[in-house]
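Residue numbers (my numbering), protein chains in the order written: chain Z, 1 to 660; chain U, 1001 to 1163.
All C-beta atoms, glycine included, are put in the ideal place defined by N, C-alpha and C.
Note that the coordinates shown come from a computational prediction; the quantities given were computed from them, not determined experimentally.
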Amino acid sequence: MIPELGHFALILALVVAVILSVVPMVGSFTGTTAWMALARPAAKVQMLLVTISYAILTHAFLVHDFSVSYVTNTSNLSLPLIYRISGVWGSHEGSLLLWMLILAGWTVSVSIFSRGVPLQMIARVLSVLGMISVGFLLFMLITSNPFDRMLPAPADGQSLNPLLQDFGLAIHPPMLYMGYVGFSVAFAFAVAALIGGRLDMAWARWMRPWTNIAWMFLTIGIALGSWWAYYELGWGGWWFWDPVENASFMPWLMGTALIHSLAATEKRGAFKAWTVLLAVCAFSLSLLGTFLVRSGVLTSVHAFATDPARGAFILAFLGVVVGSSLALYAWRAPQLRSNTSFSMQSRESGLLFNNVIMLAMCASVLLGTLYPLVLDALGIAKISVGVPYFNAVFLPLAIPLMLMVGVGALARWKKDNLVEILKRLRWAAVLSVVGGIALPFLMGRFTFGAALGIGLGLWVTLASLQGLFERLRHRNNKWVALRSIGAGFWGMTMAHIGIAVFSVGVSLTTIYSVEKDLRMAPGDSYDIAGYNFAFEGVRKAQGPNYRADEGVVEVTKGGEEVTVLAAQKRQYDIQMSIMTEAAIDAGFTRDLYVALGEKIGTDGSWSVRLYYKPFIRWIWLGSLLMGLGGVLAVCDRRYRRVSERLAQQTTDQPLEAKPT
Amino acid sequence: MNPKRKQKLILIIAMVAGVGIAVGLLLNAFQQNLMLFFSPTDVVAGKAPEDAKFRIGGLVEAGSVQREADGLTVSFKVTDNAKTVAIRYTGILPDLFREGQGIVSLGRLDDTGVFVASEVLAKHDENYMPPEVADALEKTRQAEESGKAAQTAVHGSNTVQMQ
């Protein structure tokens, strides 16, 4: 009975979503205040209904209600509590419900934290979000109902894929979805602006915090996925250019372009139409990502559930969203002309440069991801695009981008002098070159790649610090000056330093990693980068729902013990599936990584994988800094001030007349 | 030409040149890194390139897995139920590698026709079949059926005429 209530709540949520998507929108054209005012309560009711539905599914997992077929397929009696909670989004139907919950959450947040936005605008924004809800609720109810029954109920369920029984992956999808779905808010603002034919700097100021927060979640979600792949898949790689990774990376690239373009729109009223187009594209790519992952066109660890009807539905939905929003754009964009001009040497040019690079990166990822799918669908050939392609494309694009990051951030709006800026940066340049050449020797041997990575990282960091320094230099009271700097600037500086940390991590890990596959008998030892790995043999271990062979490796450096690593080969009870659980000693400057292969011969020998991964943590540390920078920028006083000031105005502000 | 127009022209030329170079490099890198997929039947028929990396896929043939003395080099055969190709791989095999399992492998052919693999992929789900492998097996099945059908057609021509 209870699961039916969950199903029923979803149907009611669909009804509310239909009301939300129609009534306030119509009201915004006829000028009927009551109809427009319906948007906020409707958003709240929708949130309530989806939450009820979500809570009921979670309840079914907690009480082992195997009459619900989704629970049977993803859970069983021996599954630990935390994975029963995360198991709710462990497979297709539930992850859609999570997606819907997050969408409802974003919608409600917009309705609450938008007091300063005129009613007509907010009615349209919430209405567009309602339309997206209608699409997803229909998708769920028609093709993938999480509350479908399986009668008679089996005594025990199957199991959550062992790969997913992991803390990192428990929180990876919610983070990623927060980002994906968050771009729907930017999309809704963009569409509302197109419908109204009006787009001003206040509009950009409303939209910017939402975009930044969504981008932050996406950044952290992707970093979590990368971290999970690193320690869970047992290969020690952190990025594979797998189509599913690309599916999340494309909206990220587009979103990065969007937050930079929004800066110009907010501060200078420039790039208006462009910003709107980027917002449409970022959300479209989020939907494309969903389609790629959920339709089963991809051959990947992520494509757990595949069903052609689902793929067809998402593809149709994608077509409607992209088609209608681009049609609207083509119709309305000419009205969004920016009347500002700027010189070639200015901050606007720097932001434009960023946008061009981001778009080029995004286009090359799109080509590498979709081309094989298209050829396959047309039956021409089965191909795959190798990792070297992506590396070959990204490196030449990343170098000019990083060279420009510091320069662009120092440039003034409208007009500046490039030579003048470079003069201010001369010490940063000298230090970067010297550091780039000298520091690789600390790693044992010099390589050009490492010099490039470190040099560029230093350059970005020093140029960012130069910006901070210049804000303090001519002030007498440094402390007051430091406090008067807006959070927006701190956020930008932090995110840019994040890029520097990230790129140093990537280049050093790529160049100096040592990876060895060995056959080791108990007592054997092997030296890597000054560390001695001694294999002590394999013992048995028992987990809550698996048994394992545990290989023990003692690591010493210069005779002193560093750590004892216990890598496991697990066999899960239910599906009898086998999983490698790597043992990692994490460190700020290096990771030591041991994974167990298989038993060879009868003398207790095993094949063992030993990795030394320098600076790999910096990859995720850099991503974290970028994400935190995005949030920090949202805390800027001006966003609060604007909403307070506008809140006072809206009471006596007349409604905009019918748009022409 | 007035300065403003001149500036615009320079900007446009720079952008066109930049985009042109970028697209050129992009397509070049793309062309070089496309990897085709071949079934064992294709490889035996000589359709696979001899000097380039490609992917091969099929079922690991039962009883074909052999370990060499160093313990890390493994030789096995993949089959699409019609033809087989020998594969040699040095390193640690994925968790779900076993006889009868569908795998995809990346590598190139050596002089003796053995496929030297740099990567062996098996997915983390025992019911999962890589789509390429499923396709290759399906082709073999269809070929067999049409072969049988042709035979039946010859032998059973009387029956056909009677209908």
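Q: Would you identify the three-state DSSP class for residue 485 of chain Z, choosing helix, strand or coil?
A: Translated into the one-based positions of the first sequence, residue 485 of chain Z becomes position 485. Taken through DSSP and simplified to helix, strand or coil, residue 485 of chain Z comes out as coil.
Q | Status (buried if at least 16 other CB within 10 Å, exposed otherwise) for residue 185 of chain Z | A | Counting from one through the first sequence, the residue named residue 185 of chain Z turns up at place 185. Buried, since its Cβ has 16 or more Cβ neighbours within 10 Å.
Q. Apart from the five residues just before and just after residue 236 of chain Z, which ones in its own chain have a Cβ nearer than 6 Å to its Cβ?
A. Start at 1 with the first residue of the first sequence, and residue 236 of chain Z comes out as number 236. 593, 611, listed in sequence order.
Q) Going along the chain, which residues of the stretch 352–365 of chain Z sit with their C-beta nearer than 9 Å to a C-beta in chain U? A) 356, 360, 363, 364
Q: Would you mind reading off the limits of the beta strand (DSSP E) that contains residue 598 of chain Z?
A: The residue labelled residue 598 of chain Z in the question sits at position 598 within the first sequence. Here the beta strand (DSSP E) through residue 598 of chain Z covers 590–600.
Q) Where do the ends of the beta strand (DSSP E) carrying residue 532 of chain Z lie? A) Numbered from its first residue, the first sequence carries residue 532 of chain Z at position 532. Its beta strand (DSSP E) spans residues 531–542.
Q | residue 528 of chain Z, DSSP secondary structure in three states | A | For the purposes of this step, residue 528 of chain Z is identified with residue 528 of the first sequence, where counting begins at 1. Residue state, collapsed to three classes: strand.
Q | Any C-beta of chain U under 7 Å from that of residue 388 of chain Z | A | Stepping through the first sequence from its first residue, residue 388 of chain Z is reached at position 388. Interface residue, yes.
**Q.** Neighbourhood of residue 50 of chain Z by C-beta distance below 7 Å, restricted to the same chain and skipping five residues each side
**A.** Counted from its first residue, the first sequence places residue 50 of chain Z at position 50. Only 13, 100, 101, 104 meet the Cβ criterion.
**Q.** Where residue 580 of chain Z meets chain U, residues with beta-carbon distance less than 8 Å
**A.** Here residue 580 of chain Z refers to the residue found at position 580 when the first sequence is read from its first residue. Under the 8 Å cutoff, chain U gives 1095.
Q | Listed by chain order, chain Z residues near residue 1056 of chain U by CB distance under 9 Å | A | Within the second sequence, residue 1056 of chain U is the residue found at index 56, counting from 1. Those within 9 Å of residue 1056 of chain U in chain Z number zero; the least Cβ separation is about 11 Å.
Q: State yes or no: is the C-beta of residue 506 of chain Z within less than 7 Å of the C-beta of residue 619 of chain Z?
A: As a first step, residue 506 of chain Z is located in the first sequence; it is residue number 506 there, counting from the start. As a first step, residue 619 of chain Z is located in the first sequence; it is residue number 619 there, counting from the start. Cβ distance < 7 Å, so residue 506 of chain Z and residue 619 of chain Z count as in contact.
Q: Closer than 8 Å, Cβ to Cβ, to anything on chain U: give me those residues from the stretch 242–268 of chain Z, in chain order.
A: none
Q) Around the Cβ of residue 1003 of chain U, are there at least 16 other Cβ atoms within 10 angstroms (buried) or fewer (exposed)? A) Your numbering for residue 1003 of chain U matches position 3 in the second sequence. Counting Cβ neighbours within 10 Å, residue 1003 of chain U comes out exposed, since fewer than 16 surround it.
Q. Between residue 313 of chain Z and the rest of its own chain, which residues show a CB-CB distance below 6 Å, the 5 nearest in sequence each way excluded?
A. Walking along the first sequence from the start, residue 313 of chain Z turns up at place 313. 139, 143.
Q: Could you check the C-alpha separation between residue 17 of chain Z and residue 281 of chain Z for me, to the nearest Å?
A: To locate residue 17 of chain Z, count along the first sequence from 1; it is residue 17. To locate residue 281 of chain Z, count along the first sequence from 1; it is residue 281. Distance between the alpha carbons of residue 17 of chain Z and residue 281 of chain Z: 24 Å.
Q.
Looking at the secondary structure, which residues open and close the beta strand (DSSP E) in which residue 557 of chain Z lies?
A. For the purposes of this step, residue 557 of chain Z is identified with residue 557 of the first sequence, where counting begins at 1. From DSSP, the beta strand (DSSP E) with residue 557 of chain Z extends over 546–557.
Q: For residue 1023 of chain U, count neighbouring Cβ atoms within 10 angstroms of its own Cβ and tell me buried if that reaches 16, exposed if not.
A: As a working mapping, residue 1023 of chain U is identified with position 23 in the second sequence. When all chains shown are included, residue 1023 of chain U counts as exposed.
Q: Could you tell me whether the stretch 623–639 of chain Z touches the stretch 198–218 of chain Z, where touching means 3 or more Cβ pairs closer than 8 Å?
A: Because the criterion of three Cβ pairs below 8 Å is met, the stretch 623–639 of chain Z and the stretch 198–218 of chain Z touch.
Q) In chain Z, what lies closer than 9 Å to residue 1072 of chain U by C-beta? A) Counted from its first residue, the second sequence places residue 1072 of chain U at position 72. Result: 517, 518, 519, 597, 600, 607.
Q | Limits of the alpha helix (DSSP H) - the one that residue 376 of chain Z falls within | A | Numbered from 1 along the first sequence, position 376 holds the residue referred to as residue 376 of chain Z. Residues 347–377.
Q: Mind listing the chain U neighbours of residue 385 of chain Z? Cutoff is C-beta to C-beta under 9 Å, in chain order.
A: Looking up residue 385 of chain Z in the first sequence gives position 385. Simply 1030, 1033, 1034, 1035.
Q: Classify residue 1050 of chain U as buried or exposed, calling it buried when 16 or more other Cβ atoms lie within 10 Å of its own Cβ.
A: Counted from its first residue, the second sequence places residue 1050 of chain U at position 50. Label assigned to residue 1050 of chain U: exposed.
(Q) Going by C-alpha to C-alpha distance, which of Z:579, Z:175, Z:519, Z:604 sits closest to residue 1068 of chain U? (A) Locating residue 1068 of chain U in the second sequence gives position 68, counting from the first residue. The shortest Cα separation from residue 1068 of chain U among Z:579, Z:175, Z:519, Z:604 belongs to Z:519.
Q | Terminal residues of the alpha helix (DSSP H) in which residue 606 of chain Z lies | A | One-based indexing of the first sequence puts residue 606 of chain Z at position 606. Segment 605–614 is the beta strand (DSSP E) holding residue 606 of chain Z; no alpha helix (DSSP H) there.
Q) Is it buried or exposed for residue 544 of chain Z, if we count other Cβ within 10 angstroms and need 16 for buried? A) As a working note, residue 544 of chain Z is residue 544 in the first sequence. Using a 10 angstroms sphere on the CB of residue 544 of chain Z, the tally of other CB atoms stays under 16, which defines it as exposed.
Q) For residue 623 of chain Z, does the three-state DSSP call read helix, strand or coil? A) Within the first sequence, residue 623 of chain Z is the residue found at index 623, counting from 1. Correct three-state label for residue 623 of chain Z: helix.
Q: Compare the Cα-Cα distances from residue 442 of chain Z to each of Z:508, Z:476, Z:426 and report the closest residue.
A: Sequence index remark: in the first sequence, residue 442 of chain Z carries index 442 (1-based). That would be Z:508, whose Cα lies nearest to the Cα of residue 442 of chain Z.
Q.
Against residue 396 of chain Z, what residues of chain U qualify as contacts under a CB-to-CB distance less than 7 Å, listed in chain order?
A. If you number the first sequence from 1, residue 396 of chain Z lands on position 396. Under a criterion of Cβ atoms nearer than 7 Å, the residues of chain U adjacent to residue 396 of chain Z are, in order, 1025.
Q) For the candidate residues U:1015, U:1035, U:1058, U:1097, whose alpha-carbon lies nearest to that of residue 1135 of chain U? A) On the second sequence, position 135 is the one that residue 1135 of chain U refers to. Residue U:1058 is the option with its Cα nearest to residue 1135 of chain U.
Q: Flag this pair as touching only if the stretch 272–280 of chain Z and the stretch 322–335 of chain Z have three or more C-beta atom pairs under 8 Å; answer yes or no.
A: Yes: at least three Cβ pairs fall under 8 Å.
Q. Which residues of chain A have a Cβ atom closer than 7 Å to the Cβ of residue 1132 of chain U, listed in chain order?
A. Note that chain A does not occur in the displayed structure, where the protein chains are Z and U.
**Q.** Identity of the residue in Z:478, Z:368, Z:429, Z:134 nearest residue 22 of chain Z by Cα
**A.** Locating residue 22 of chain Z in the first sequence gives position 22, where the first residue counts as 1. Closest by alpha carbon: Z:134.
Q | Straight-line gap, residue 1073 of chain U to residue 240 of chain Z (C-alpha atoms, nearest Å) | A | Indexing the second sequence from 1 puts residue 1073 of chain U at position 73. Indexing the first sequence from 1 puts residue 240 of chain Z at position 240. Linking residue 1073 of chain U to residue 240 of chain Z through their CA atoms gives a straight-line distance of about 24 Å.
Q) Does DSSP classify residue 1145 of chain U as helix, strand or coil? A) For the purposes of this step, residue 1145 of chain U is taken as residue 145 along the second sequence, with counting starting at 1. Helix.
(Q) I'd like to know if residue 1091 of chain U contacts chain Z, where contact means its C-beta is closer than 7 Å to some C-beta of that chain. (A) Counting from one through the second sequence, the residue named residue 1091 of chain U turns up at place 91. Yes, contact with chain Z.
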